[in-house]
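Have a look at the structure below, then the notes.
Numbering (my numbering), first residue to last: 55 to 694.
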């Protein structure tokens, strides 16, 4: 948007615009002006408004989601287009209808459930514990007050209860499960052979006439898109970190201020002897194993070596060879009964037999380290790095603002911004609207480079946030318009393409000849066929997947051998023989297979039920969407 203002802020028209927009500011105040804009409705649902601010918050949430998913490949055009904006507002309408229904039905998150949800959210925790300040800071960054966020949680909880109700009502038809299992477990008896197209490419002569013909008939294939070379300046957090120097006193002060971060948790090291108890064991068997465990405890108390007895009697293969040593036992790592025993023992103590689901354990606590704070000398380097990063982030924010200002106020060159901040103006490789390397692989940077202000007016771009730690601004260095590449530039590639076509065609002709021979009953014993896995789920490599795709979709008649072929993605030619099909038997499915399929079908049915329910609410509601309020300004989007 700044670029648009800069381009249009000259002449009497600009002054007229300034006067017009100044009047409402003077009469009502800037805050109320913007607050009023935020309250403009984008839709109404049964008379209730969904305002522009709610809509923009939803759009920003989706931008953040896609940025997180795609990283540097995120393209703002994915979300900032009319179709996507309409999807977002339709989603808000659907949510409003469902929220209203849930409230009317009394579905809401209880106070206890709300409290538990907030306290257990990792983002709201500091050093593993809920922190009120962190909580308020995070929800504020999301655009909520604490009260507003809690209200959203309550509403979401009500919707969740509704979703669970619809999910629980989804019934899976056992017949459908059996039919799908029959398809999943269907076996096909097939084998295949591959006639390679490679290895002879260089032996295929290509005439100049063939290359010229390919070039002339396929100009679009050899088109060079518009491309730019760019001057650019990049500001990174690392630049600032590397410039920060800390003396000993500053590092020590940082250590004292953040000592809690360098806590060394309690460590308990234990060994055990496990005597397993089969699940089918009766009471007499269990008593006998317990007696054996008691006898081993007695021997240990009489001074026998724990390591030797563990190697002789323990039934835990993982620790037996180490004399029962389990290493450090962290909380939550072992079953509760075992952990409780370990954390109640004194160093060197040997426990009575401890019963768990695995059997009886005889435990020895071999070492115990109390919780402590790591000494300064041990963590000095870590403290220094953390403190430099903390200081750099504060400085980065301030420097970034200066960077943005200089890039804007000196629009004809990046030299002023670079010089003031001790940065370097660099020159990129060629960049197109769809391709670039390094920082220019980011679609937002490429979009800025091809903005008319940069491309045509030769102004600096706005500063683009590649990440929270990297900013970049670009300026046109050199432009080359779209054109067909010179023949000499693409000749080698054309020759390789034609050679590949020729060998692929040879492979196909050889394959078709082989199919003809096989169908006539010859060549059967002269070709080395590879077996295709009978179950599609057992197919592994790329060639097998392509063959299986053909084999498992073919109809087959009992008693016939179907012989066919097709070209593989790499130009090779595959010939396969389908000799038999065995229907799958649902009774042979494992419990896990059946359970997974039932879960998938239940989720599908639950999603369909929720969608149909949502549609029924939508059809019976009075909904109006104001499409004019959804119109997007490209400069605004670019700024975001």
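Note that the Cβ used here is the ideal one computed from N, Cα and C, for glycine as well.
Can you say whether residue 441 is buried or exposed, counting buried as having 16 or more other CB atoms within 10 angstroms of its CB?
buried
Ends of the alpha helix (DSSP H) at residue 491?
First-last for residue 491: undefined, no H or E at that position.
What does a CB cutoff of less than 8 Å around residue 573 pick up in its chain, not counting 5 residues either side in sequence?
617
Which residue wins for smallest C-alpha separation from residue 601, given the options 271, 242 and 515?
242
For the 8 Å Cβ check, are there 3 or more pairs between the stretch 618 to 638 and the stretch 557 to 576?
yes
Relative to the alpha-carbon of residue 239, which residue among 647, 185 and 96 has its alpha-carbon at the smallest distance?
647
Is residue 392 helix, strand or coil when you go by DSSP?
helix
Along the chain, where does the alpha helix (DSSP H) containing residue 265 start, and where does it finish?
262 to 271
Reduced DSSP category for residue 448 - H, G, I as helix; E, B as strand; rest coil
helix
Would you tell me roughly how many angstroms separate the C-alpha atoms of residue 258 and residue 544, rounded to the nearest one?
18 Å
Strand pairing of residue 325, partner residues [DSSP]
379 and 418
Would you list, in sequence order, the uninterrupted alpha helix (DSSP H) runs of no fewer than 4 residues that lie entirely inside the stretch 461 to 542?
469 to 475, 497 to 503 and 506 to 509
Three-pair Cβ contact test at 8 Å for the stretch 267 to 285 versus the stretch 386 to 394
no
Identify which residue in 230, 216 and 166 has its Cα closest to the Cα of residue 204.
166
Quick one: measure Cβ to Cβ for residue 678 and residue 97, integer angstroms, because I've assumed they're closer than 8 Å.
6 Å
To test your reading of the DSSP string, which unbroken alpha helix (DSSP H) runs of 4 or more residues are found completely within the stretch 569 to 611?
596 to 605
Residue range of the unbroken alpha helix (DSSP H) whose run includes residue 244
Not the alpha helix (DSSP H): residue 244 falls in the beta strand (DSSP E), residues 241 to 249.
Would you give the residue range spanned by the beta strand (DSSP E) that residue 105 belongs to?
102 to 105
Can you check whether the CB of residue 378 is closer than 8 Å to the CB of residue 364?
yes
Straight-line Cα distance separating residue 345 from residue 353:
12 Å
Under a Cβ-count criterion, where at least 16 other Cβ atoms within 10 Å of its own Cβ denotes burial, should residue 384 be classed as buried or exposed?
exposed
By the DSSP assignment, the alpha helix (DSSP H) with residue 346 in it spans what residues?
337 to 355
C-alpha gap between residue 674 and residue 229, whole angstroms
35 Å
My output table needs one value for residue 98: the three-state DSSP class, helix, strand or coil.
strand
Cβ neighbour criterion (16 or more within 10 Å) applied to residue 482:
buried
At 4 residues or longer, and completely inside the stretch 156 to 217: list those alpha helix (DSSP H) runs for me, N to C.
165 to 173 and 186 to 195
Specify the secondary structure class of residue 615 as computed by DSSP and reduced to three states.
coil
Roughly how many angstroms separate the alpha carbons of residue 410 and residue 370, rounded to a whole number?
13 Å
Leaving out five residues before and five after residue 401 in sequence, what residues of the same chain have Cβ atoms less than 8 Å from its Cβ?
419, 420, 421 and 422
In the DSSP assignment, what are the bridge partners of residue 410?
413
Closer than 8 Å is the cut-off here; do at least three beta carbon pairs connect the stretch 516 to 527 with the stretch 448 to 464?
yes
Measure how close the beta-carbons of residue 740 and residue 561 come, nearest whole angstrom, since I'm counting them as under 8 Å.
Limits of the chain in this structure are 55 at one end and 694 at the other, which puts residue 740 out of reach.
I'd like the span of the alpha helix (DSSP H) that includes residue 305, first residue to last.
302 to 311
Taking its Cβ as the centre, do 16 or more other Cβ atoms sit within 10 Å of residue 491, making it buried, or is it exposed?
exposed
Sort out for me which residues DSSP pairs residue 286 with in a bridge.
480 and 528
Across which residues does DSSP place residue 632 in a beta bridge pair?
244 and 616
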